[in-house]
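Using the working numbering, read the sequence shown as starting at 10 and increasing by one per residue. Heads up, the beta-carbon is just placed ideally off N, CA and C, and yes, glycines get one too.
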Amino acid sequence: MRLSLSAFALATVLGLVRPTHSMAPDDLGNFAKGGPSERAKLVAQWAAAGDTDLSTFLDRLENAEFRATPDGRLVRGVDGAGFVDVATDSVIGPAVDDWEEIVVSNVLRAGVVGARAALDLSVPDRDKRLQAVDDLQEADLDPAILPALEKAVDSETDPKIRLLIRGVVAKIALGSDDPAKRIAAARTLGEDGDVANNLKLLEDRLAATGEGGLLETDSTVRQELAAIAATLKVKAWFYEMAGHLFTGVSLGSILVLVALGLAITYGLLGVINMAHGELVMIGAYTTYLVQGVFRSRFPETESVYVVAAIPAAFLVSALVGIALERLILRHLYGRPLESLLATWGVSLVLIQSVRSLFGPQNVEVGSPAWLSGSLVLQSNLVLPWNRIAIIAFAGTVLFATAMLLTRTRLGLFIRATTQNRGMARCVGVRTSRIDMMAFGLGSGLAGLAGVALSQVGNVGPDLGQGYIVDSFLVVVVGGVGQLAGSLWAGLGLGMFSKFLEPMAGAVLAKIALLVLIILFIQKRPQGLFALKGRQAD
Numbered sequence: 010m011r012l013s014l015s016a017f018a019l020a021t022v023l024g025l026v027r028p029t030h031s032m033a034p035d036d037l038g039n040f041a042k043g044g045p046s047e048r049a050k051l052v053a054q055w056a057a058a059g060d061t062d063l064s065t066f067l068d069r070l071e072n073a074e075f076r077a078t079p080d081g082r083l084v085r086g087v088d089g090a091g092f093v094d095v096a097t098d099s100v101i102g103p104a105v106d107d108w109e110e111i112v113v114s115n116v117l118r119a120g121v122v123g124a125r126a127a128l129d130l131s132v133p134d135r136d137k138r139l140q141a142v143d144d145l146q147e148a149d150l151d152p153a154i155l156p157a158l159e160k161a162v163d164s165e166t167d168p169k170i171r172l173l174i175r176g177v178v179a180k181i182a183l184g185s186d187d188p189a190k191r192i193a194a195a196r197t198l199g200e201d202g203d204v205a206n207n208l209k210l211l212e213d214r215l216a217a218t219g220e221g222g223l224l225e226t227d228s229t230v231r232q233e234l235a236a237i238a239a240t241l242k243v244k245a246w247f248y249e250m251a252g253h254l255f256t257g258v259s260l261g262s263i264l265v266l267v268a269l270g271l272a273i274t275y276g277l278l279g280v281i282n283m284a285h286g287e288l289v290m291i292g293a294y295t296t297y298l299v300q301g302v303f304r305s306r307f308p309e310t311e312s313v314y315v316v317a318a319i320p321a322a323f324l325v326s327a328l329v330g331i332a333l334e335r336l337i338l339r340h341l342y343g344r345p346l347e348s349l350l351a352t353w354g355v356s357l358v359l360i361q362s363v364r365s366l367f368g369p370q371n372v373e374v375g376s377p378a379w380l381s382g383s384l385v386l387q388s389n390l391v392l393p394w395n396r397i398a399i400i401a402f403a404g405t406v407l408f409a410t411a412m413l414l415t416r417t418r419l420g421l422f423i424r425a426t427t428q429n430r431g432m433a434r435c436v437g438v439r440t441s442r443i444d445m446m447a448f449g450l451g452s453g454l455a456g457l458a459g460v461a462l463s464q465v466g467n468v469g470p471d472l473g474q475g476y477i478v479d480s481f482l483v484v485v486v487g488g489v490g491q492l493a494g495s496l497w498a499g500l501g502l503g504m505f506s507k508f509l510e511p512m513a514g515a516v517l518a519k520i521a522l523l524v525l526i527i528l529f530i531q532k533r534p535q536g537l538f539a540l541k542g543r544q545a546d
């Protein structure tokens, strides 16, 4: 014992043992004697009291430094000094076989996580406080920690964090013994926080227990909870519909991008270009190549490769389209069946060429960091940044194309040739050259669609095959050669598909969409926006 006391004195001088707690001795004794639930409750109470030594205590608890003696004392091992009584910091000596090692069980771990998070709510670092709130939302918290969270609500200056903490407080208070507190918690859940999660909390509270009884037995409280849950169901439905709307607009934007070039070439030349999907695929593979160049040559600026890929994809697809028009299609004008078969053959050649160059497997095109992640508005309303960027990109491309066709000399010649080719030729328009340039423009726009598609899906040789039919439907429904028609038809078809799929499934939704399009074309064969000019006949 004399040696142990000497070691303890030396350790005290060196700073290895010092009073590191402000918990009451009785509480420490109860911690030693209690089970996991009682220990978790005590940890929550210490966190609620704002105990300054709790963080150190929790570190030692997780490091398995504590033991419980049969007489109800909490002891801690210290290097060079054996074990000391945590309540008195007096040396006890070496460990005894019947001392219980305090293990952090799942129940106790939840209390430790909650206590640490509650302590972190008072730190200046905003990111650390946000992480603390996330930990609190995941943990199974003891009601004893409520005072600490209520204090954090009062002291929090950030509105977002305060709102999140209020939600955690309401979640815990929903299990309170006081009916008034349960009603107040339900009202808080009805006003703040994530609608879907709060609705589930209320529905769980209203649900029956496993024994056939009711978890919430107070009729007044049940009535209040049911009314709030009904309101949240309506809100959740609106958020769900908003999510479908966003997904539909996102899909519609992609369809508009794919169909935009097709609307120009089909409207001007009357050519059913079955290789249009492969021009989209070429744009996607161009993006893949630009990504590879940036990764190998300019790794420090790799995140902006998408910006460089936009003009590159437009140029490559446009050149392929011009070659297709000059070498094949110019000899087949006025023969729609032959041009359809020829472009279909070209599409097979392009697919096989890509398979030979890059392999039959999909290639990896990664989204840059600034396009990763999502804007989370609710748990059932998550807006991916890459989808938001595609909507903005599609709008920008559509606006630029409209300006080109309505505000430039080339656009004037394209519109004149579309409306009356013979008269345009009579006034000096070189229609053959306009055909080439318009086909190149439409092909380049298909390449831009490939850039967008590379950010939301796999890039492979068959990429364009999944969009060629839908893009033709957009052009036909919108009106041949009409950009406004392509816009409204693309958005309409995209939103209709996404609203119908949850109810009928993807296959039945596609069938229903085709049936409606057929009926629409029977009623209005010229599409939403009729073509003006002699060719309209």
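Below 8 angstroms on the Cβ atoms is my guess for residue i versus residue j; work out the distance and round it to an integer in Å.
{"i": "Glu-71", "j": "Val-132", "result": "That belief does not hold up - the Cβ atoms of Glu-71 and Val-132 are roughly 19 angstroms apart, past 8 angstroms."}
{"i": "Arg-82", "j": "Ala-96", "result": "7 angstroms"}
{"i": "Asp-444", "j": "Leu-278", "result": "6 angstroms"}
{"i": "Phe-66", "j": "Arg-76", "result": "Not quite, the Cβ-Cβ distance comes to about 14 angstroms (not below 8 angstroms), so this is no contact."}
{"i": "Val-406", "j": "Thr-296", "result": "About 15 angstroms; that fails the 8 angstroms criterion."}
{"i": "Ala-216", "j": "Leu-210", "result": "Contact doesn't hold; Cβ gap of about 11 angstroms is too wide."}
{"i": "Ile-477", "j": "Ser-262", "result": "Not really, about 17 angstroms apart at Cβ, beyond 8 angstroms."}
{"i": "Ser-617", "j": "Leu-271", "result": "Any answer about residue 617 is impossible in this case: the structure gives the chain only from 10 up to 546."}
{"i": "Ala-455", "j": "Gly-292", "result": "6 angstroms"}
{"i": "Ser-495", "j": "Val-484", "result": "6 angstroms"}
{"i": "Leu-523", "j": "Leu-502", "result": "Going by Cβ atoms, the distance from Leu-523 to Leu-502 rounds to 10 angstroms, so no, they are not a contact pair."}
{"i": "Leu-145", "j": "Ala-126", "result": "5 angstroms"}
In angstroms with no decimal places, state the Cα-to-Cα distance between residue i and residue j.
{"i": "Ala-378", "j": "Leu-357", "result": "35 angstroms"}
{"i": "Asp-136", "j": "Ala-458", "result": "38 angstroms"}
{"i": "Ala-194", "j": "Leu-183", "result": "6 angstroms"}
{"i": "Leu-419", "j": "Phe-538", "result": "22 angstroms"}
{"i": "Ala-513", "j": "Ala-236", "result": "31 angstroms"}
{"i": "Leu-130", "j": "Phe-255", "result": "35 angstroms"}
{"i": "Asn-115", "j": "Leu-525", "result": "56 angstroms"}
{"i": "Asp-151", "j": "Glu-159", "result": "14 angstroms"}
{"i": "Arg-191", "j": "Gly-475", "result": "53 angstroms"}
{"i": "Leu-172", "j": "Gly-38", "result": "37 angstroms"}
{"i": "Gln-531", "j": "Val-385", "result": "43 angstroms"}
{"i": "Leu-208", "j": "Tyr-248", "result": "13 angstroms"}
May I ask you to report which of helix, strand or coil DSSP gives residue i?
{"i": "Val-391", "result": "strand"}
{"i": "Gly-330", "result": "helix"}
{"i": "Gly-102", "result": "strand"}
{"i": "Ala-193", "result": "helix"}
{"i": "Leu-208", "result": "helix"}
{"i": "Leu-117", "result": "helix"}
{"i": "Leu-341", "result": "coil"}
{"i": "Glu-110", "result": "strand"}
{"i": "Leu-224", "result": "coil"}
{"i": "Ala-236", "result": "helix"}
{"i": "Ala-217", "result": "strand"}
{"i": "Asp-201", "result": "coil"}
{"i": "Gly-270", "result": "helix"}
{"i": "Met-32", "result": "coil"}
{"i": "Thr-256", "result": "helix"}
{"i": "Gly-488", "result": "coil"}
{"i": "Thr-97", "result": "coil"}
Could you please give the first and the last residue of the uninterrupted alpha helix (DSSP H) stretch that includes residue i?
{"i": "Asp-62", "result": "Segment: none, Asp-62 is in no alpha helix (DSSP H) and carries neither H nor E."}
{"i": "Phe-7", "result": "Because the chain in this structure spans residues 10 to 546, residue 7 falls outside the shown range and cannot be described."}
{"i": "Phe-75", "result": "No alpha helix (DSSP H) holds Phe-75; the beta strand (DSSP E) holding it covers 75 to 77."}
{"i": "Phe-538", "result": "Segment: none, Phe-538 is in no alpha helix (DSSP H) and carries neither H nor E."}
{"i": "Ile-291", "result": "285 to 306"}
{"i": "Glu-311", "result": "First-last for Glu-311: undefined, no H or E at that position."}
{"i": "Asp-186", "result": "That residue, Asp-186, is in no alpha helix (DSSP H); it is neither H nor E in DSSP."}
{"i": "Val-280", "result": "Element bounds for Val-280: n/a, residue is neither H nor E."}
{"i": "Ala-56", "result": "45 to 57"}
At which residues does the beta strand (DSSP E) containing residue i begin and terminate?
{"i": "Asp-94", "result": "91 to 94"}
{"i": "Arg-82", "result": "Unbroken run through Arg-82: none, as it is neither H nor E."}
If we define contact as Cβ-Cβ less than 8 angstroms, is residue i a contact residue for chain B?
{"i": "Leu-380", "result": "Protein chains in the displayed structure number just one, and chain B is not present."}
### Query
What are the uninterrupted segments assigned as alpha helix (DSSP H) that are 4 or more residues long and contained completely in the stretch 422 to 450, given in chain order?
List check, alpha helix (DSSP H) in window: 430 to 435.
### Message
For a minimum of 3 consecutive residues, which ranges assigned as the beta strand (DSSP E) are wholly contained in the stretch 122 to 184?
### Response
Complete beta strand (DSSP E) runs here, min 3: none at all.
### Task
For the stretch 448 to 479, list the alpha helix (DSSP H) runs that are entirely contained and at least 4 residues long, ordered along the chain.
With a minimum length of 4 residues, no continuous alpha helix (DSSP H) run stays inside the stretch 448 to 479.
### Task
Please go through the stretch 359 to 415 and give each complete alpha helix (DSSP H) segment of 4 or more residues, from N-terminal end onward.
Correct list: empty.
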